[in-house]
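Asks:
Numbering (this note's numbering), first residue to last: 1 to 102.
(1) Can you give me the C-alpha to C-alpha distance between residue 43 and residue 67, rounded to a whole angstrom?
(2) Counting pairs of Cβ atoms below 8 Å between the segment 52-66 and the segment 24-31, do you hit three or more?
(3) Distance, Cα to Cα, residue 64 vs residue 81?
(4) For residue 69, which residues from the same chain have a beta carbon less than 6 Å from its beta carbon, with the 5 sequence-adjacent residues on both sides left out?
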């Protein structure tokens, strides 16, 4: 390996390290702001489309754990029922609506 290639690799590693530090600082700032301005979802209505799977279901789990009233929308009625049954463990109110919002 010649000198300029090694120097380029070291420069890239240095830039990557700086980028990592900046990303960590940004994540820390976002976390600190979120904790300071935390929203209480207990008893609040939260409507989630695509709630029978994926990101929608994961969001439903998070809001259910925080005590929100869930209004779940999805196209697949059976999967929506399964999701609602799973979420009942959190002890929150759950309303399901089979629909297509596309």
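For glycine and all other residues, C-beta sits at the position ideal for the given N, C-alpha and C. Just so we're clear, the structure is a prediction, and the values are computed from it rather than from any experiment.
Replies: So, from the listed chains and residues:
(1) In the chain shown, residue 43 corresponds to position 43, counting from 1. In the chain shown, residue 67 corresponds to position 67, counting from 1. Spanning the two alpha carbons is a distance of roughly 6 Å.
(2) Verdict: no, contact absent.
(3) In the chain shown, the residue the question calls residue 64 occupies position 64. In the chain shown, the residue the question calls residue 81 occupies position 81. Whole-angstrom Cα-Cα distance: 15 Å.
(4) Stepping through the chain shown from its first residue, residue 69 is reached at position 69. Excluding its 5 nearest sequence neighbours in each direction, residue 69 has C-beta neighbours in its own chain below 6 Å: 45, 93, listed in chain order.
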